[in-house]
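Below is one structure, written out as structure tokens; comments come after it.
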Amino acid sequence: MKTTDLYKLSTTNLWRRKLRSGLTILGVVIGVASIIMMFSLSEAMNVNYENQMNQWGELSLITVTPADDMNGLVEIEPLDENTLEMFEMIANVEKVMPVLETEVTLQIGDYGTMRQLTVKGHDADELEALGYICEEGSNYFEGDINTMVIGGDVLDYLVKKGEDMSKTSSSSRGGMPSGGGGGRMPSGGGGGGMMPPSSMMSDMPSEMRERMEEIMGEKEDVVDIFTERAIVTFDTFSMRLPPGMESFMPKNDTASDYTAKPITVEITGQLPSGNASTDNVLFMPRESVQYLINQKTIQDAKTSGNSPDLSTIVEYDEVIIKVFSSNDVEMVRAQIEMMGFTTDGAQDTLDEMQQMSSNIQIILLFIGAISLVVSAIGITNTMMTSIYERTKEIGVMKVIGAGITDIKKIFLVEAAIIGFVGGIIGISLCYLLSFLLNTYGKEFFSGLVSTSEDYKTYVSIITPYLSIGSIVFSTIIGLMAGYFPAKKATALSALAAMKA
Numbered sequence: 328m329k330t331t332d333l334y335k336l337s338t339t340n341l342w343r344r345k346l347r348s349g350l351t352i353l354g355v356v357i358g359v360a361s362i363i364m365m366f367s368l369s370e371a372m373n374v375n376y377e378n379q380m381n382q383w384g385e386l387s388l389i390t391v392t393p394a395d396d397m398n399g400l401v402e403i404e405p406l407d408e409n410t411l412e413m414f415e416m417i418a419n420v421e422k423v424m425p426v427l428e429t430e431v432t433l434q435i436g437d438y439g440t441m442r443q444l445t446v447k448g449h450d451a452d453e454l455e456a457l458g459y460i461c462e463e464g465s466n467y468f469e470g471d472i473n474t475m476v477i478g479g480d481v482l483d484y485l486v487k488k489g490e491d492m493s494k495t496s497s498s499s500r501g502g503m504p505s506g507g508g509g510g511r512m513p514s515g516g517g518g519g520g521m522m523p524p525s526s527m528m529s530d531m532p533s534e535m536r537e538r539m540e541e542i543m544g545e546k547e548d549v550v551d552i553f554t555e556r557a558i559v560t561f562d563t564f565s566m567r568l569p570p571g572m573e574s575f576m577p578k579n580d581t582a583s584d585y586t587a588k589p590i591t592v593e594i595t596g597q598l599p600s601g602n603a604s605t606d607n608v609l610f611m612p613r614e615s616v617q618y619l620i621n622q623k624t625i626q627d628a629k630t631s632g633n634s635p636d637l638s639t640i641v642e643y644d645e646v647i648i649k650v651f652s653s654n655d656v657e658m659v660r661a662q663i664e665m666m667g668f669t670t671d672g673a674q675d676t677l678d679e680m681q682q683m684s685s686n687i688q689i690i691l692l693f694i695g696a697i698s699l700v701v702s703a704i705g706i707t708n709t710m711m712t713s714i715y716e717r718t719k720e721i722g723v724m725k726v727i728g729a730g731i732t733d734i735k736k737i738f739l740v741e742a743a744i745i746g747f748v749g750g751i752i753g754i755s756l757c758y759l760l761s762f763l764l765n766t767y768g769k770e771f772f773s774g775l776v777s778t779s780e781d782y783k784t785y786v787s788i789i790t791p792y793l794s795i796g797s798i799v800f801s802t803i804i805g806l807m808a809g810y811f812p813a814k815k816a817t818a819l820s821a822l823a824a825m826k827a
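Just so we're aligned, residue 328 is where the sequence shown starts under my numbering, counting upward by one.
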């Protein structure tokens, strides 16, 4: 039997039973569409996360820290100038950025932080290399001293200085600052401001904790980060000691025991929120941070009665290395780790995310496979019914010389056509659903998809491989489902078939 005759006969047989064939194809469509959509949702999650990290520039960054000393059993390699030179000699390294950091409290105008924040030392060109672009104001310039860029959520940690702890705050926030550059208000959810860490709150006396919760409501006052005087200090108590709090001080301590050493700084800009690595961080020129560290060393030495040791050899807390391409990250990391350092990168987080997504895909695949199994059973049932209805036709074909192979091919091709057409319709339906979800469904899936103006986000992504693979797979499912009926058709006796 010619191939063209085979396909023509198979198509005609299916068309004669349009309703039955259509319902069987519908089962395949549902099975294929369910698997494709589940995979497309998972693929969109991966792409969104990768786009987000690429937007931040983190996939091409490597954070280097000293290795664990194993309780003194291993000599730690320091992150000093000699080490930086070795890093710069590694192939595919674009920029080496040493980081100095310490903990400070920040006060802007009448507001002060209730906890210490990390301040990191980066020169102006390094902020640009790291992709840190201010949402308000601008980065500081090369050569600036005592200037600062604050993270997107830093203002959430501010509490108004001088608030009477004996009174309950009943005010509510009046809105965003006007004038286009005042920074964001200290804010929070549920009618209150950002609370201190739970560990800090749990250590407070119960009465003090209650007063603290009362005054940390949202304020109507506006913090203008560009006009208000901003200072940083290592002191963690007296700067934020409001009236009414004296009774909570240790009995043997006085306010003079907690003398603040404020340093005036100029805030030049604020980064956008949404980046966990910058949201609660302050950034200053490296020289300024080194000065702060030296001042803290002197202050700590005076407190303990020792002489300050201001070593001329600077050891950095960490080093951020930027490579030319994210494809080179693993190779560069391997070389750095061979030098005795610990490395970390956003690729690790991305790999974990993709692994989690793969696990989700397996679960979704299992669910979708159930639909395909049901559709395969439907194909088998349709073909078996067709055989019983066409028993005499099969006998006639055998009598006029049709071979066993020809008869088997007829039923296999019919089953394959059902799978193929179901796959085509299924993938077409999925493309339509994907378009609708990406256009109108982002708000509905807001818990899974974070929208951004900086990069395009997706709810569903159907790759070409997924499209082609689904059609091939559905066709194979059809062939497999039609194999047993085709075999049964060839086993029929021609004489018995003619008598049926």
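Every residue gets a Cβ at the ideal spot worked out from N, C-alpha and C, and that includes glycine.
Between the C-alpha atoms of Gln688 and Ile744 there is a straight-line separation of about 28 Å. Comparing C-alpha distances from Gly750 to each of Ile362, Thr338, Ser337, Asp332 shows the shortest one belongs to Ile362.
According to DSSP, Glu463 shares a beta bridge with Gln597. Less than 7 Å separates the beta-carbon of Ala456 from that of Lys649. Taking the C-beta atoms as reference points, Val659 is found no nearer than 7 Å to Gly672. Within the DSSP bridge table, the entry for Ile477 names Gln597, Leu609 as partners. Cα atoms of Pro589 and Gln622: separation of roughly 11 Å, rounded to the nearest angstrom. A contact between stretches requires three or more CB pairs, one per stretch, nearer than 8 Å, and the segment 689 to 703 meets this requirement with the segment 351 to 358. DSSP, read as helix, strand or coil, puts Tyr785 in coil.
Around Ser387, the same chain offers Lys649, Val650, Ser652, Ser653, Val656 as residues with beta carbons nearer than 7 Å, after the five sequence neighbours per side are excluded. If you draw a straight line from the Cα of Gln617 to the Cα of Glu428, it comes to about 8 Å. For the 7 Å CB-CB criterion, Tyr785 and Val446 do not form a contact. The Cβ atoms of Leu411 and Pro393 do not sit closer than 7 Å to each other. In the three-state DSSP reduction, Gly667 falls in the coil class, being neither helix nor strand. Inter-residue distance for Ile694 and Phe747 is about 21 Å (C-alpha atoms, whole angstroms).
A straight-line Cα-Cα distance of about 11 Å links Glu463 and Ser600. Out of Gln674, Thr732, Ile804, Ala816, the CA that lies nearest to the CA of Thr718 is found in Ala816. Counting the other CB atoms within 10 Å of its CB gives Leu759 a total below 16, which places it among the exposed residues. When beta bridges are read from the DSSP output, Val431 appears opposite Leu444. With distances taken between CA atoms, Tyr438 lies nearest to Glu555 out of Asp675, Thr591, Met724, Glu555.
In the structure shown, the three-state DSSP call for Glu421 is strand.
Secondary-structure assignment with DSSP links Glu645 through a beta bridge to Val426.
Counting the other Cβ atoms within 10 Å of the Cβ of Tyr484 gives 16 or more, which makes it buried.
Per DSSP, Pro405 lies in no beta strand (DSSP E) and is assigned neither H nor E. Taking 7 Å as the cut-off, the beta carbon of Leu368 is found no closer than this to the beta carbon of Ser684. For Leu485, there is no enclosing alpha helix (DSSP H); the residue is found in the beta strand (DSSP E) stretching over 485 to 487. Around the beta carbon of Ile594, 16 or more other beta carbons lie within 10 angstroms, which makes this residue buried. Closest in C-alpha terms to Asp551, from the list Ser755, Gly596, Thr560, Leu764, comes Gly596. For a cut-off of 8 Å, the C-beta gap from Met416 to Met666 is around 11 Å, too long to register as a contact.
For the 7 Å CB-CB criterion, Phe668 and Val391 form a contact.
In the three-state reduction of the DSSP assignment, Pro791 falls in the helix class. Taking each of Leu341, Arg613, Ile435 in turn and checking the Cα distance to Gly470, the smallest one comes out for Arg613. Put simply, the backbone Cα of Thr790 is about 29 Å away from that of Gly809.
CA-to-CA, the gap between Ile472 and Tyr643 works out to about 19 Å. According to the DSSP assignment, Val559 belongs to the beta strand (DSSP E) that extends over 557 to 560. Straight-line measurement puts the Cα of Leu756 at about 31 Å from the Cα of Leu677.
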